[in-house]
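Asker: So that we are looking at the same thing, I have put the structure below in C-alpha cells.
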Amino acid sequence: MSKRKINEGDLHAWADDLLADERRAEVEDWLAAHPGDAARLHDYRLQNRALRAAFDPVLEEPLPAALRRAAALPPAASSPPRRWGSAPALRAAAMVALCVLGAVAGWLGHARFGTAPASPAVAEFSRQAAIAHAVYTPEVRRPVEVDGAHEEQLVAWLSKRLGAPLHAPRLGALGFELVGGRLLPGQQGPVALFMYQDPSGQRLTLYVSGEVAGHGDAGFRFAEENGVKVFYWVDGRFGYALSAAIDKARLARIATAVYDQLETATAAAAPR
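Here you go:
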C-alpha cells in the first residue's frame with residue numbers, strides 16, 4: 001500500500017507533537033528530503049517552545065474568584081482550588097479565553113511610559129517583538145537567515161520584502177555587533193528582524209514592521225514580558241521595537257542611538 005501524501009496539516013501536527021509514531025516517521029523521512037520545509041518546521045517548534053514557556057504558568061493558576069462567581073462555581077473555601085483546565089471549570093472556559101485574548105494584547109503595556117496609552121495595534125506590535133526575541137535569540141544553530149558578514153545583501157533583501165528602504169544600525173560603540181537578520185511573517189505582511197550580540201553572548205533584536213504605520217507617534221514607549229524589555233516607537237512607515245534581557249537604562253541608551261541613526265539615514269535618503 002502506498003503511503004498517504006504528506007500535507008500541510010501533517011507538518012503542523014508534527015510541529016505540535018500530535019502525530020502517531022508511524023505517521024511521524026513518514027513525515028520525518030519527507031522532511032529529510034525537503035530541507036526548506038524542515039527549517040520552517042524547526043522555527044515552528046521554537047515558537048511553540050517559547051509560547052509554552054511564557055504562558056503555561058498562567059494556565060496553571062487557580063481560576064480567579066470573580067470568574068468563579070460569574071460562572072456560578074462553588075467558592076474556593078468549600079472545594080479545592082479549580083484549575084483552568086479541569087472539567088468542573090468548563091463553563092467558565094469560554095469566559096476565561098475571552099478575558100485572556102482581550103488582555104494579552106495590552107499585557108506588556110503596564111510598564112510603558114508616555115502621556116497617552118498605546119493603541120491596541122501598537123501594544124500587540126510590542127508583544128510580537130518580545131515573542132520573536134524570546135524565540136530566536138536562544139537559537140545557536142540558525143538564529144538568522146542571512147549573517148552579518150553579508151549586511152549589504154541582508155538590508156537590500158529585507159528592504160525589498162518590506163517595500164521601503166531599511167537600515168541596520170551600527171551599535172559597535174555600544175558593545176553590540178550585527179549577527180544578521182531574518183524575515184518573519186506578520187499579521188498583515190512581512191516583518192524584519194535584525195539581531196545583535198555583545199562579547200558576553202547577550203543578544204539584542206530590532207523588530208521592524210509596517211503594520212503599525214499611522215497608529216502612533218515617534219515617542220518611545222517601554223514594555224516588559226518575562227524578563228524581555230522592549231523599547232518601541234512608530235515613525236513614518238514603520239514601527240520599531242528594540243528588545244533585550246538587559247538593564248533598562250542600558251537598553252534605553254541603545255534605543256536612543258538606534259532612533260538617532262534611523263532618523264539620520266532617513267533624512268539622508270530623502271529627495272532634495
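Heads up, the sequence shown is in UniProt numbering, so the first residue is 1 and it goes up one at a time. Where is the CB? At the ideal position from N, CA and C, for every residue including glycine. Since we're looking at a predicted model, the values are computed, not measured.
Rounded to whole angstroms, what is the Cα-Cα separation between Glu145 and Ser200?
Answerer: In the sequence shown, counting from the first residue as 1, residue 145 sits at position 145. In the sequence shown, counting from the first residue as 1, residue 200 sits at position 200. Going by the C-alpha atoms only, they are around 22 Å apart.
Asker: DSSP beta-bridge partners for Thr205?
Answerer: To locate residue 205, count along the sequence shown from 1; it is residue 205. Per DSSP, Met195 and Ser243.
Asker: May I ask you to report which of helix, strand or coil DSSP gives Arg250?
Answerer: By one-based count along the sequence shown, residue 250 stands at place 250. The answer is helix: DSSP assigns Arg250 an H, G or I state.
Asker: Going by C-alpha distance, which of Met195, Gly227, Phe176 and Phe220 is nearest Pro143?
Answerer: For this step, residue 143 is matched to residue 143 along the sequence shown. When Met195, Gly227, Phe176 and Phe220 are compared, the shortest CA-CA separation from Pro143 is found for Met195.
Asker: The beta strand (DSSP E) with Arg221 in it runs from where to where?
Answerer: On the sequence shown, position 221 is the one that residue 221 refers to. From DSSP, the beta strand (DSSP E) with Arg221 extends over Arg221 to Glu225.
Asker: Does Glu211 come out as helix, strand or coil in the three-state DSSP assignment?
Answerer: Within the sequence shown, residue 211 is the residue found at index 211, counting from 1. Reduced to three states, the DSSP call for Glu211 is coil.
Asker: Give, in chain order, every unbroken run of the beta strand (DSSP E) that is at least 3 residues long and sits entirely within the segment 112 to 181.
Answerer: If we require 3 residues or more, the segment 112 to 181 turns out to have no beta strand (DSSP E) run fully inside it.
Asker: I believe Tyr207 touches Ser243 by the beta-carbon criterion, under 8 Å. Please report the beta-carbon distance rounded to the nearest angstrom.
Answerer: Position 207 of the sequence shown, counting from 1, holds the residue named residue 207. Position 243 of the sequence shown, counting from 1, holds the residue named residue 243. At roughly 7 Å, the Cβ-Cβ gap stays under 8 Å, so Tyr207 and Ser243 are in contact.
Asker: I need the DSSP call for Leu98, collapsed to helix, strand or coil.
Answerer: The sequence position of residue 98 within the sequence shown is 98, counting from 1. Unreliable placement is indicated for Leu98, whose pLDDT of 38 sits below 50; no coordinate value is reported for it.
Asker: So the candidates are Ala255, Gln261, Val228 and Glu28; which of them puts its Cα closest to the Cα of Arg127?
Answerer: Stepping through the sequence shown from its first residue, residue 127 is reached at position 127. Residue Val228 is the option with its Cα nearest to Arg127.
Asker: What are the residues that DSSP puts in a beta bridge with Pro190?
Answerer: Counted from its first residue, the sequence shown places residue 190 at position 190. Note: Pro190 sits in a beta bridge opposite Pro185.
Asker: List the residues that DSSP assigns as beta-bridge partners of Tyr232.
Answerer: Stepping through the sequence shown from its first residue, residue 232 is reached at position 232. Paired residues: Arg221 and Ala241.
Asker: Hey, quick one: how far does the alpha helix (DSSP H) through Ala33 stretch, first residue to last?
Answerer: One-based indexing of the sequence shown puts residue 33 at position 33. Run containing Ala33: none; DSSP gives neither H nor E here.
Asker: Looking at the unbroken alpha helix (DSSP H) that takes in Leu11, where does it start and where does it end?
Answerer: Position 11 of the sequence shown, counted from the first residue, corresponds to residue 11. It spans Glu8 to Ala15 - the alpha helix (DSSP H) in which Leu11 sits, taken as one unbroken run.
Asker: Under three-state DSSP, which class holds Leu262?
Answerer: Here residue 262 corresponds to residue number 262 of the sequence shown, with the count starting at 1. In the three-state DSSP reduction, Leu262 falls in the helix class (H, G or I).
Asker: With a CB to CB cut of under 8 Å and the five nearest residues on each side skipped, what residues in its chain are close to Leu174?
Answerer: Taking the sequence shown and counting its residues from 1, one reaches residue 174 at position 174. Counting only Cβ-Cβ distances below 8 Å, and skipping sequence neighbours, we find Arg253, Ile254 and Ala257.
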